[in-house]
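4 protein chains.
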Amino acid sequence: MSAVPKTSEPLRQRRKQARPSELSAAALELFVEKGFAATRLDEIAARAGVSKGTLYLYFDSKEALFTAVIRDGILPLIESAEAQLSGMLDDPEGMLRAILFAWWDNVGATPLGGIPKLMIAEAMNFPDVARFYHQNVIERGRRMVEAAITRGIERGLFRPVNLEQTVSLFFVPAMHIAVWRHSLAFCEACQQDPREFLENFLQIFLRGLRATEKGTPE
Amino acid sequence: MSAVPKTSEPLRQRRKQARPSELSAAALELFVEKGFAATRLDEIAARAGVSKGTLYLYFDSKEALFTAVIRDGILPLIESAEAQLSGMLDDPEGMLRAILFAWWDNVGATPLGGIPKLMIAEAMNFPDVARFYHQNVIERGRRMVEAAITRGIERGLFRPVNLEQTVSLFFVPAMHIAVWRHSLAFCEACQQDPREFLENFLQIFLRGLRATEKGTPE
Amino acid sequence: MSAVPKTSEPLRQRRKQARPSELSAAALELFVEKGFAATRLDEIAARAGVSKGTLYLYFDSKEALFTAVIRDGILPLIESAEAQLSGMLDDPEGMLRAILFAWWDNVGATPLGGIPKLMIAEAMNFPDVARFYHQNVIERGRRMVEAAITRGIERGLFRPVNLEQTVSLFFVPAMHIAVWRHSLAFCEACQQDPREFLENFLQIFLRGLRATEKGTPE
Amino acid sequence: MSAVPKTSEPLRQRRKQARPSELSAAALELFVEKGFAATRLDEIAARAGVSKGTLYLYFDSKEALFTAVIRDGILPLIESAEAQLSGMLDDPEGMLRAILFAWWDNVGATPLGGIPKLMIAEAMNFPDVARFYHQNVIERGRRMVEAAITRGIERGLFRPVNLEQTVSLFFVPAMHIAVWRHSLAFCEACQQDPREFLENFLQIFLRGLRATEKGTPE
DNA sequence: TATGAATGAGCCTTCATTCAT
DNA sequence: CATGAATGAAGGCTCATTCAT
C-alpha cells in the first residue's frame, strides 16, 4: 500500500486488473486454512487489504468467490502441464517422475497445494464445483499418467496391471503430502522433505510396477 | 403432559444410557458430510430424534460434541486392534495385510471411516483435537506397521527402507479410500471395490518392499 | 412484561398463541408509517417487545411478514362485513350509508385503516400482494356497493349511471380519509371529523344520484 | 481519454444546463414507482444515462434529490395554473371543470401525476417536504376551488355547503386516479378513461351541489 | 465536468445457547 | 429429563457516499 512503484501506468488501472486474483488468492488461503463456512468475508478482505464491500465488485457472492478460487486457480496449471509433459511418452518412467515433481513444484509447494484439502472438505457442500474439479483437473491428470503407464506396459517395461487402480496409487502419496501440509501439519512424519518422500515412493512404486524378468539393481 | 406414569421403564432407561452415543453418532455423520461449521445443531438433534435443547444435557457446547465424536469414536477401535494384531509379528507380510483389512472392516467401511476426512478438514480449526487424534490414533497405528516392517527387514524379507516414509506410504491408500468415500464419492475411479484396490496396492507395495534376491513368485 | 395476569394457563403457551398477531400488528403500524423498505425489523421487534430473532420463529422473511400483515389483517373484516350487510338490499340508500360507516368504524378508525396507504405505496413492489388485495378486498367491497346501486336503479330511486365509475366514486372519499390520516395528517383540512366528512359526502353523492323527478327537500 | 479537444460544444453546453432536470426527471419516475427507500441511486443514474458520481455534482444527497424532485416539479405548474384560471370566476361551474381538466392534462396525465402517490408514501418520512408540498401545492390548489365554489354560492347557483369538505371532495377523485395510475394500475376499474371518469364525477358532484329550486337541464 | 472503484455503516438473516415450563 | 420458545451476537450482502483519476 505504501510501496507501490510509481510507473507511468495509473495506479487505479493496475489495481483494477490485479484485484480479482489478489482477492481470490487471499480467499484461497483462508478457505484452505479454515474451510468455506468458517471463513468470514471480513478476513478475506482484510488479508487482501481491501474493505468488505470491494469483494462484491468482483464476485457476486461468497459462493461465487469459492467457485472462482477453484476454477481460476488450477485450470491454467493443468493446461500448461499437459503442454509440457505430453512429449515425454518415449520414456515412461521419466515421464512419471517428471509429472510428480512438476506437480510438486508448481502446485504442491505453492498455495495451490491447498486445493485438494479444500475440495475434500467441501465437495459434498458444492457438488457442482466438485464435478468441475473432477472433470477438469483430476481426470486430465489421470489421463497423463495413464498414457505413461500404458506405454510402459506396451513396451514391456511394466507389468500388466489394473490401470485405474494403479493410476490412483500413483497420485495418492502426492495428494497425501499436499493435504497434510494444510491439515495435520504439525505431525512430525510430515515434516520430512516432500521431495525425498516422493522419491522414496517412486522407487517402491516403480519397483513394484516393473516387469520382473529384468532385475533392478538398487 | 404432566401425568407421565413413573413405572419402571427399561426402554427409557436404555435410551438414557444410549443417548450420548446416539447423539454423537448423528453428529459424526453430519460433521463428516458437511463439516463442523456448516452443520447445525438443529440437524443433529433432528437426525438423533431429539430436540435441540437435549444436546445440551449431554454436551456442553457444539465444540465439546465435536471433541467427543472424535475421542469416543475412534479410541476403542485402536485399542482392540492393538490387542488383536500384536500377536502376528511372526509373519510381517501377513500382519500388514491383516492390519489393512481389519482397518477396512472395522473403520473404513463403517461410519467411522468418515473421521479421516473430518480431521483433515478441521485439524487447523481444532488443533487440540488434532493433536489428540495424532497421538492416540495415528501414532499408535503407525507403530503397529512400523513393528511389522522392522521385523521384516530384520528377517531379510524386506529391503532396508526409510521406515517413517514407508509406514506413511502403507497407510496412504487406505486413507485415500476413506476420505474420497466421503468427499468426491461420485468419481467413478473411486467406485471400484475398496478391498480389490487395497489388494492391488498391497501387491505393488510388498513387491517394491521385498528383498530383490529372492524372486517373487506370484 | 410485568403486568401479565397469572391465570392458570401457562404464560408461555398464551404468548405463543398471541405472538403472530402481536408481531404483525407492530409490523403493520411501522409499515404504514414508514413504508416497507424504510422499516427495520429491529423496530418491529422492539415495538412488539421481542428480540429480532423471534420474528423468524413466526415469519420466514421480512417479505413474508408483509404478506401476512395484509392477508391476515383485512380478510376477516371483509368476510364479516359481507355477512352483516348483505341483508340490507331492500333499502339501497341505507345500505350505502351502512357500508360507509361500518367501514369507518371497523377499518378506517382502527390501525387497519393504514392498509390502503400501505398498498398504494407498495403495490408496484409487491404485485402478488397487490393482486391478492385487489381480488379479495377491493373487488368484494365493490360488489357490495354495486349491488346496492343496481337495486336502487331498478327501483327507480337512482338515475341510471355508469356503475363502475359510480362505485369508484363512492369509495374514493373514504379511502381519501384513511390514506391522509396516515400521510399528510397534519393538514388541517383533514382534521375535520371523519364521520361528518363522510356524511357530507353522502349527501352530495346521493343527491347527485337520485332520480330527479322527486325533489329532495333539504 | 486525455486528449479531448476543447472546442466550443453546444451540445455539451446544452446537456450541462439540462442535466439537473434530466436527473430529477429520472429520479421522479423511480421514486414514484418504487418509493424513496427502495430506489437506488444506481438506477437513477442509469436511467438518466450518467454515472452514479455525477448525481453528486448536482445534488448533495439522495434526500436533497428527493426534495428537488418535489419542489422543482410541481411549483411552476401551480403558478401557471393560477395565472390562467383566475380569470374564470364569472362562471363557477366552468371554472371547476377547467381546473379539473387542466390539472389532468398538465399533471395527472404526465409523469408529474406520480407525485401525489409519492407524497402519500413519503410524507411521514419527510415532514418538511410534506409541509412544503401542502402549503405550496395543496393549499394553493384548494384556494382556487374554494373561490369558485364561494362565488357559486354567492350567486345562488350552489347550495350553501361546508366549504372545506366540499373542496376536499372536489379534488379527491382526481387524486384517486393519479394515485392508482401509479400503484394498483392493473385494476380494471382504473383502466377506464380518466377524462370520462372525471366527467362522470363532475356531473354527480355539480348535481349534488346545485341549488335545488332550479331544475338542472342536462 | 464526469467517472467508477472503493468504502463502511447498516440491515436482513442465521444459529449456538439459554431457560421457563 | 426433555422441550422448544426466545435470545442476541455475528455474518453475508447492499448501497449511499467519497475521491483519485
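As you go down the protein sequences, you meet chains A, B, C and D in turn. The first sequence maps to residues 223 to 440 in our numbering. The second sequence maps to residues 223 to 440 in our numbering. The third sequence maps to residues 223 to 440 in our numbering. The fourth sequence maps to residues 223 to 440 in our numbering. Idealized CB from N, CA, C, for every residue including glycine.
### Task
Work out the CA separation of B/ALA400 and B/GLU301 for me, nearest whole Å.
The count along the second sequence starts at 1 and reaches residue 301 of chain B at position 79. The count along the second sequence starts at 1 and reaches residue 400 of chain B at position 178. Per the coordinates, the alpha-carbon of B/GLU301 lies some 20 Å from the alpha-carbon of B/ALA400.
### Query
Is A/ARG403 near A/LEU311, with beta carbons less than 8 Å apart?
As a working mapping, residue 403 of chain A is identified with position 181 in the first sequence. As a working mapping, residue 311 of chain A is identified with position 89 in the first sequence. When the beta-carbon positions are compared, A/ARG403 and A/LEU311 stay at least 8 Å from each other.
### Task
Taking a Cβ distance cut-off of 8 Å, strictly less, list which residues of the segment 232-261 of chain A are near chain B, in chain order.
Those would be GLU255, LYS256, GLY257, PHE258, ALA259, ALA260, in chain order.
### Query
Looking at B/ARG269 and B/LEU252, is the spacing between their C-beta atoms short of 8 Å?
Here residue 252 of chain B corresponds to residue number 30 of the second sequence, with the count starting at 1. Here residue 269 of chain B corresponds to residue number 47 of the second sequence, with the count starting at 1. If you check the CB distance, B/LEU252 and B/ARG269 come in under 8 Å.
### Task
Report the rounded CA-to-CA distance for D/ALA370 versus D/ASN358, giving the unit in angstroms.
Position 148 of the fourth sequence, counted from the first residue, corresponds to residue 370 of chain D. Position 136 of the fourth sequence, counted from the first residue, corresponds to residue 358 of chain D. Straight-line Cα distance between these residues: approximately 19 Å.
### Query
Closest Cβ-Cβ distance between B/MET366 and chain A: below 8 Å?
Taking the second sequence and counting its residues from 1, the one referred to as residue 366 of chain B is at position 144. No - not a single Cβ of chain A is within 8 Å of the one on B/MET366.
### Option in B/ALA260, B/GLY430, B/ASP294 with minimal Cα separation from A/ASN347
Taking the first residue of the first sequence as 1, we reach residue 347 of chain A at position 125. Nearest C-alpha to A/ASN347: B/ALA260.
### Task
Please state whether DSSP places B/PHE423 in a helix, a strand or coil.
For the purposes of this step, residue 423 of chain B is identified with residue 201 of the second sequence, where counting begins at 1. Shown here, B/PHE423 sits in a helix according to DSSP, grouped into three states.
### C/LEU431 to C/GLY257 span [Cα, whole Å]
As a position in the third sequence, residue 431 of chain C is number 209, starting the count at 1. As a position in the third sequence, residue 257 of chain C is number 35, starting the count at 1. Distance between the alpha carbons of C/LEU431 and C/GLY257: 37 Å.
### Query
Just checking, does the segment 324-344 of chain A make contact with the segment 289-297 of chain A on the three C-beta pairs under 8 Å criterion?
Contact between the segment 324-344 of chain A and the segment 289-297 of chain A is present, because at least three Cβ pairs lie under 8 Å.
### Message
For C/ASN422 and D/GLU421, what's the separation of their Cα atoms in angstroms?
### Response
The residue labelled residue 422 of chain C in the question sits at position 200 within the third sequence. The residue labelled residue 421 of chain D in the question sits at position 199 within the fourth sequence. The straight-line gap from Cα to Cα measures roughly 21 Å.
### Task
Consider the Cβ of C/PRO314: report whether some Cβ of chain D lies at a distance smaller than 8 Å.
What you label residue 314 of chain C is simply residue 92 of the third sequence in a count that begins at 1. C/PRO314 has a beta carbon lying at 8 Å or more from every beta carbon in chain D.
### Message
Just verifying my parser: in three-state terms, what is the DSSP assignment at C/SER230?
### Response
Taking the first residue of the third sequence as 1, we reach residue 230 of chain C at position 8. At C/SER230, the pLDDT of 43 sits below 50, so the modelled position is not reliable and the matter cannot be decided from this model.
### Query
Could you give the distance in angstroms between the alpha-carbon of A/GLU440 and the alpha-carbon of A/MET366?
If you number the first sequence from 1, residue 440 of chain A lands on position 218. If you number the first sequence from 1, residue 366 of chain A lands on position 144. Reliability fails at A/GLU440, whose pLDDT of 40 lies under 50, so the model's placement of it is uncertain and no value is given.
### Task
Count the other C-beta atoms from every protein chain shown that fall within 10 angstroms of the C-beta of B/SER390, then say buried if there are 16 or more, exposed otherwise.
Along the second sequence, one-based indexing puts residue 390 of chain B at 168. So B/SER390 counts as buried.
### Query
Excluding the five sequence neighbours on either side, which residues of its own chain have a C-beta within less than 8 Å of the C-beta of A/VAL254, listed in chain order?
Position 32 of the first sequence, counted from the start, is the residue given in the question as residue 254 of chain A. So the list reads PRO333, GLY336, ILE337, LYS339, LEU340, HIS404, once near-sequence residues are dropped.
#### Entry: Neighbour-count burial assignment, A/ARG262, 16 or more Cβ in a 10 Å radius
The sequence position of residue 262 of chain A within the first sequence is 40, counting from 1. Label assigned to A/ARG262: exposed.
### Message
Any beta carbon of chain B sitting closer than 8 Å to that of A/SER405?
### Response
Counting from one through the first sequence, the residue named residue 405 of chain A turns up at place 183. Output row for A/SER405: interface = yes.
### Query
Cβ of D/LYS284 less than 8 Å from any chain C Cβ?
Within the fourth sequence, the letter at position 62 stands for residue 284 of chain D. False, the Cβ-Cβ gap to chain C never drops below 8 Å.
### Task
Could you name the residues of the same chain whose beta carbon sits closer than 6 Å to that of B/ALA345, not counting the 5 residues immediately before and after it, in chain order?
The residue labelled residue 345 of chain B in the question sits at position 123 within the second sequence. Closer than 6 Å at the Cβ level, and outside the excluded window around B/ALA345, lie ALA352.
### Task
Tell me, to the nearest whole angstrom, how far the beta carbon of B/ALA303 is from that of B/ALA290; I am working on the premise that it is less than 8 Å.
Residue numbering aside, residue 303 of chain B sits at position 81 when the second sequence is read from its first letter. Residue numbering aside, residue 290 of chain B sits at position 68 when the second sequence is read from its first letter. The pair is not a contact, with the Cβ atoms about 21 Å apart (cut-off 8 Å).
### Message
Looking at B/LEU322: is its Cβ nearer than 8 Å to the Cβ of B/ALA396?
### Response
Reading the second sequence from its first residue, position 100 is the one you call residue 322 of chain B. Reading the second sequence from its first residue, position 174 is the one you call residue 396 of chain B. Taking 8 Å as the Cβ cut-off, B/LEU322 and B/ALA396 qualify as a contacting pair.
### Task
Please compile the residues from chain C whose C-beta is within a distance smaller than 9 Å of the C-beta of D/PHE427.
Locating residue 427 of chain D in the fourth sequence gives position 205, counting from the first residue. Simply LEU391, ILE426, PHE427, GLY430.
### Query
Looking at C-alpha atoms only, which residue of B/GLU376, B/PRO416, B/ALA433 is the closest neighbour of B/TRP326?
For the purposes of this step, residue 326 of chain B is identified with residue 104 of the second sequence, where counting begins at 1. Selected option, being the one with the closest Cα: B/PRO416.
### Task
Taking only beta carbons into account, state which residues of the segment 324-339 of chain C come closer than 9 Å to chain D, listed in chain order.
The residues in question are LYS339.
### Query
What does a CB cutoff of less than 6 Å around A/ALA343 pick up in its chain, not counting 5 residues either side in sequence?
The residue labelled residue 343 of chain A in the question sits at position 121 within the first sequence. Only GLY257 meet the Cβ criterion.
### Message
Against chain C, with Cβ distances strictly below 8 Å, would D/ASP350 count as a contact?
### Response
In the fourth sequence, residue 350 of chain D corresponds to position 128, counting from 1. By this cut-off, D/ASP350 is not an interface position.
### Task
Using the Cα positions of A/LYS228 and A/ALA240, report the straight-line distance between them to the nearest angstrom.
On the first sequence, residue 228 of chain A is found 6 positions in, with the first residue counted as 1. On the first sequence, residue 240 of chain A is found 18 positions in, with the first residue counted as 1. Low per-residue confidence applies at A/LYS228: pLDDT is 42, beneath 50, and the placement is therefore not dependable, though the value from the model is reported in the following sentence. Distance between the alpha carbons of A/LYS228 and A/ALA240 is about 16 Å.
### Residue nearest to B/GLN414 in terms of C-alpha spacing, selected from A/ILE426, A/GLN414, A/THR388, A/LEU424
Walking along the second sequence from the start, residue 414 of chain B turns up at place 192. The candidate whose alpha carbon is nearest that of B/GLN414 is A/THR388.
### Task
Look at A/PHE427 and A/PHE380 and say whether their C-beta atoms are less than 8 Å apart.
The residue you call residue 427 of chain A lines up with position 205 of the first sequence. The residue you call residue 380 of chain A lines up with position 158 of the first sequence. Taking C-beta atoms as the reference points, A/PHE427 and A/PHE380 fail to come closer than 8 Å.
### Task
Compute the distance between the beta-carbons of D/TYR277 and D/LEU245, then report whether it is under 8 Å.
Stepping through the fourth sequence from its first residue, residue 277 of chain D is reached at position 55. Stepping through the fourth sequence from its first residue, residue 245 of chain D is reached at position 23. Contrary to the premise, residue 277 of chain D reads as Leu rather than Tyr in this sequence. Yes, they are a contact pair.
### Query
What separation, rounded to the nearest whole angstrom, lies between the Cα atoms of A/SER308 and A/VAL383?
Stepping through the first sequence from its first residue, residue 308 of chain A is reached at position 86. Stepping through the first sequence from its first residue, residue 383 of chain A is reached at position 161. For A/SER308 and A/VAL383, the distance between alpha carbons rounds to 22 Å.
### Straight-line gap, B/LEU406 to C/PRO242 (C-alpha atoms, nearest Å)
Here residue 406 of chain B is taken as the residue at index 184 of the second sequence, counted from 1. Here residue 242 of chain C is taken as the residue at index 20 of the third sequence, counted from 1. One Cα belongs to B/LEU406, the other to C/PRO242, and the distance between them is close to 44 Å.
### Ranges of the alpha helix (DSSP H) found wholly within the segment 261-324 of chain B, counting only runs of at least 4
Runs found: 263-270, 274-280, 284-307.
### Query
Closest to C/ARG319 by CA distance: which of C/LEU424, C/ARG237, C/GLY275 is it?
Start at 1 with the first residue of the third sequence, and residue 319 of chain C comes out as number 97. The closest CA to that of C/ARG319, considering only C/LEU424, C/ARG237, C/GLY275, is found on C/LEU424.
### Message
Which residues in chain A have a C-beta closer than 9 Å to the C-beta of B/ASN347? List them in chain order.
### Response
Here residue 347 of chain B refers to the residue found at position 125 when the second sequence is read from its first residue. In chain order: GLU255, LYS256, GLY257, ALA260.
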